[in-house]
Amino acid sequence: MEVERTPPDLESTASLKRNQLLDSLGQHIFNDLPARLIRISDMKILSRSDLWDDLHICIKNLSNADLLALPSPKEDVFSRVRYAIFSHRWGAHEPSYQQLTQNEAWMDDHTLMTSPGLLKLIRFCDKARVHGCAYAWSDTCCIDKSSSAELEEAIRSMYRWYRDAQMCIVHLAATDSLADFEHEPWFRRGWTLQELLAPKRIVFYNKGWSPVSAGNVRRDAETRNDKEDWRVLGAISKETGIPAGDLRYFNPSCERVSEKMKWASRRETTRTEDVAYSLIGIFDITMPISYGEGPWAFHRLMEGIAQRCSEPGFFAWAGDASPYSLALPSSPASYGMLALDSQTATGLRLTGSLFEEVGDTSYSITKLGLQIKLLLLPARWVQNVQSTGNYTLSFSEGTFLETLPSPSLSQAYYEIFKPEQCVLGVLNYTRVEGNRGLLRVGEYYFCLLLRRSGEWSYVKARTDMVLVWKCVEGAMKDLEDVCLLNMLGCYDRDEVRPPDTNIT
Numbered sequence: 009m010e011v012e013r014t015p016p017d018l019e020s021t022a023s024l025k026r027n028q029l030l031d032s033l034g035q036h037i038f039n040d041l042p043a044r045l046i047r048i049s050d051m052k053i054l055s056r057s058d059l060w061d062d063l064h065i066c067i068k069n070l071s072n073a074d075l076l077a078l079p080s081p082k083e084d085v086f087s088r089v090r091y092a093i094f095s096h097r098w099g100a101h102e103p104s105y106q107q108l109t110q111n112e113a114w115m116d117d118h119t120l121m122t123s124p125g126l127l128k129l130i131r132f133c134d135k136a137r138v139h140g141c142a143y144a145w146s147d148t149c150c151i152d153k154s155s156s157a158e159l160e161e162a163i164r165s166m167y168r169w170y171r172d173a174q175m176c177i178v179h180l181a182a183t184d185s186l187a188d189f190e191h192e193p194w195f196r197r198g199w200t201l202q203e204l205l206a207p208k209r210i211v212f213y214n215k216g217w218s219p220v221s222a223g224n225v226r227r228d229a230e231t232r233n234d235k236e237d238w239r240v241l242g243a244i245s246k247e248t249g250i251p252a253g254d255l256r257y258f259n260p261s262c263e264r265v266s267e268k269m270k271w272a273s274r275r276e277t278t279r280t281e282d283v284a285y286s287l288i289g290i291f292d293i294t295m296p297i298s299y300g301e302g303p304w305a306f307h308r309l310m311e312g313i314a315q316r317c318s319e320p321g322f323f324a325w326a327g328d329a330s331p332y333s334l335a336l337p338s339s340p341a342s343y344g345m346l347a348l349d350s351q352t353a354t355g356l357r358l359t360g361s362l363f364e365e366v367g368d369t370s371y372s373i374t375k376l377g378l379q380i381k382l383l384l385l386p387a388r389w390v391q392n393v394q395s396t397g398n399y400t401l402s403f404s405e406g407t408f409l410e411t412l413p414s415p416s417l418s419q420a421y422y423e424i425f426k427p428e429q430c431v432l433g434v435l436n437y438t439r440v441e442g443n444r445g446l447l448r449v450g451e452y453y454f455c456l457l458l459r460r461s462g463e464w465s466y467v468k469a470r471t472d473m474v475l476v477w478k479c480v481e482g483a484m485k486d487l488e489d490v491c492l493l494n495m496l497g498c499y500d501r502d503e504v505r506p507p508d509t510n511i512t
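Each residue of the sequence shown is one higher than the one before, counting from 9 in the working numbering.
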């Protein structure tokens, strides 16, 4: 019996397509996928090399007819390695990479199989299988945390892995229904912010592993997406303050810094450094990972953002400054100090537009501090007769703003701060021709309270709120180059912020 053979020209085409498929597979596995994935069929953790060994044999064994029938090598590769990614709040006895790889018979280990963390992992993989995924990833067991290089790659790639996953499965361990979101700890953890924003498709499960939203899970398992359910989006937006549009179509960048930092301001992390590391994907920043550096991690993150951000909203923070620079905030919580009514919030511009430039778009970090062009206005302090010893910030004659409301300071701070050297630096002025800034009647502006420290250098004063003012008389003034000093080394930090006094 004669075996039907592929014509030479078609055989050559099939060979070319096989090589393209293998190239695409290699690129995808070794550059795009997590370092390790769980193969759901046998719950084995595979490295990238293991995955390549499995899948490239399958491609080599494809018949010429099957290869020629493939519409797109790239789409075929993606379909072969579709993975679900897990998001949850860590609990007791989570399974580690070492536990699941050093004991190949772990599924027969009765003691291990009663662990709450392992049972949670198995339920996650069951749900991933229902949703049509052959592979899964969990941060508990798919990272060899004994390898600093692997841990660093995972942290720096985490946002991308969540974005590129077929879907994200979220387990809310304290939730029965949407009404419980306000008490759900998952919404208050640092790492889960990017796990909420990055995925294109997400499904929430409650503590009993039932879907939080209504619908037939079996019927629409392969298309179900809670980011398309407006009831779910509304509940999340109410709890987190994140607009529904960002929940559905978030774009990582160094824009809208104050707004994104405010989303993170109520969240907590176990390690100090993770406050910064959990945000690098959201701001599309790359930086080395170094546990043990403490608050220096967030300082490095803010330096990186400052070099790429061009919006005045970067400076809309108050409260504690970084231990390493008075010009930068100490944490995302500093951006939670902009409490405005709806009218003021609507009128306060923190970003520019296509039609006009708002503030200095080219501020930069230097060795001395942060260099920026500001519109400077004189200020003065008036003693409050109703509160002996306290002083209220007012304006010198010819100033064009009115306070909303006026900050005050104690007698002790008044004597140390030397307010006769104070000015207000307006940040969100409208940039006009030449080196000038415009203030418009009825618009709202936020300012930095500064104390002169040299010919063009200033120290940013600590305030417990972002200083916001309403313009009552239009004006145009020359801008001034200002250096907001770090105040380290030869400067005494306590001169600027006494330990027991604040501007409130």
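Note that beta-carbon positions come from the ideal geometry of N, C-alpha and C, so glycine has one too. Computed from a prediction, not measured in an experiment: that's the story for all the values here.
Helix, strand or coil at residue i [DSSP, three-state]
{"i": "Pro337", "result": "strand"}
{"i": "Asp62", "result": "helix"}
{"i": "Asp486", "result": "strand"}
{"i": "His36", "result": "helix"}
{"i": "His3", "result": "In the structure as shown, the chain starts at 9 and stops at 512, and residue 3 therefore has no counterpart that could be examined."}
{"i": "Arg197", "result": "strand"}
{"i": "Thr400", "result": "strand"}
{"i": "Ser55", "result": "strand"}
{"i": "Leu346", "result": "coil"}
{"i": "Tyr466", "result": "strand"}
{"i": "Arg171", "result": "helix"}
{"i": "Thr21", "result": "helix"}
{"i": "Arg256", "result": "helix"}
{"i": "Thr359", "result": "coil"}
{"i": "Arg232", "result": "coil"}
{"i": "Ala326", "result": "coil"}
{"i": "Arg444", "result": "strand"}
{"i": "Arg264", "result": "coil"}
{"i": "Thr438", "result": "strand"}
{"i": "Thr248", "result": "helix"}
{"i": "Thr294", "result": "coil"}
{"i": "Trp98", "result": "coil"}
{"i": "Asn27", "result": "helix"}
Sheet register partners of residue i (DSSP bridge)
{"i": "Leu432", "result": "Leu385, Leu457"}
{"i": "Gln379", "result": "Ser372, Cys491"}
{"i": "Trp145", "result": "Ile93"}
{"i": "Cys133", "result": "None, per the DSSP bridge assignment."}
{"i": "Val449", "result": "BP columns for Val449 are empty, so no partner."}
{"i": "Glu276", "result": "Arg197"}
{"i": "His179", "result": "Tyr213"}
{"i": "Pro219", "result": "Tyr213"}
{"i": "Ile46", "result": "Ile53, Ala144"}
{"i": "Val240", "result": "For Val240, which the question treats as bridged, DSSP gives no partner whatsoever."}
{"i": "Val366", "result": "Thr438"}
{"i": "Val390", "result": "Thr400"}
6 Å Cβ shell around residue i - same chain, five flanking residues per side excluded
{"i": "Glu365", "result": "Arg439"}
{"i": "Asn224", "result": "For Asn224, the pLDDT reaches just 45, beneath the cut-off of 50, and the residue's location in the model is therefore unreliable, although a value from the coordinates is still provided. Within the same chain, Asn224 has no close Cβ partners at all."}
{"i": "Trp145", "result": "Pro42, Leu45, Tyr91, Ile93"}
{"i": "Phe291", "result": "Cys262, Ile313"}
{"i": "Glu160", "result": "Ile297"}
{"i": "Gly327", "result": "Ser342, Met345"}
{"i": "Asp152", "result": "Tyr105, Glu158"}
{"i": "Ala199", "result": "For the sequence presented, residue 199 should be read as Trp rather than Ala. Within the same chain, Trp199 has close Cβ partners Ser286."}
{"i": "Cys133", "result": "Ile48, Ala144"}
{"i": "Asp234", "result": "Ile210, Val211, Phe212, Ser221, Val240"}
Own chain, CB closer than 7 Å to residue i, minus 5 neighbours either side, in chain order
{"i": "Cys479", "result": "Phe408, Leu409, Leu447, Arg448, Val449, Gly450, Glu451, Tyr453"}
{"i": "His191", "result": "Ala182"}
{"i": "Arg137", "result": "Ile48"}
{"i": "Tyr285", "result": "Ile163, Ile297, Ala305"}
{"i": "Ile373", "result": "Glu311, Ala314, Gln315"}
Inter-residue CB distance, residue i and residue j (contact presumed, cutoff 8 Å)
{"i": "Glu319", "j": "Leu358", "result": "6 Å"}
{"i": "Val283", "j": "Phe258", "result": "Val283 to Phe258, Cβ: 19 Å. No contact."}
{"i": "Ala483", "j": "Cys430", "result": "About 19 Å; that fails the 8 Å criterion."}
{"i": "Arg275", "j": "Arg196", "result": "6 Å"}
{"i": "Ser465", "j": "Leu493", "result": "5 Å"}
Sequence-distant residues of its chain with Cβ nearer than 8 Å to residue i (five each side left out)
{"i": "Cys141", "result": "Ile48, Arg90, Tyr91, Ala92, Gln174, Met175"}
{"i": "Gln202", "result": "Met166, Tyr167, Tyr170, Ser286, Leu287, Gly289, Ile290"}
{"i": "Gly249", "result": "Lys270, Trp271"}
{"i": "Gly302", "result": "Thr280, Glu281"}
{"i": "Trp60", "result": "Leu33, Gly34, Ile37, Phe38"}
Does the region 266 to 277 come into contact with the region 294 to 305, if we say contact requires no fewer than three beta-carbon pairs (one atom in each stretch) closer than 8 Å? The region 266 to 277 vs the region 294 to 305: no contact.
Do the region 156 to 173 and the region 121 to 138 touch if we need at least three Cβ pairs shorter than 8 Å? They do not touch, by the three-pair rule.
Cβ pair count under 8 Å reaching 3, the region 199 to 208 against the region 92 to 112: Yes, since at least three Cβ pairs between the region 199 to 208 and the region 92 to 112 fall closer than 8 Å, the two stretches touch.
Say whether the region 19 to 37 touches the region 75 to 89, bearing in mind that this needs 3 or more beta-carbon pairs closer than 8 Å, one atom from each stretch. The region 19 to 37 and the region 75 to 89 touch, with no fewer than 3 CB-CB distances between them shorter than 8 Å.
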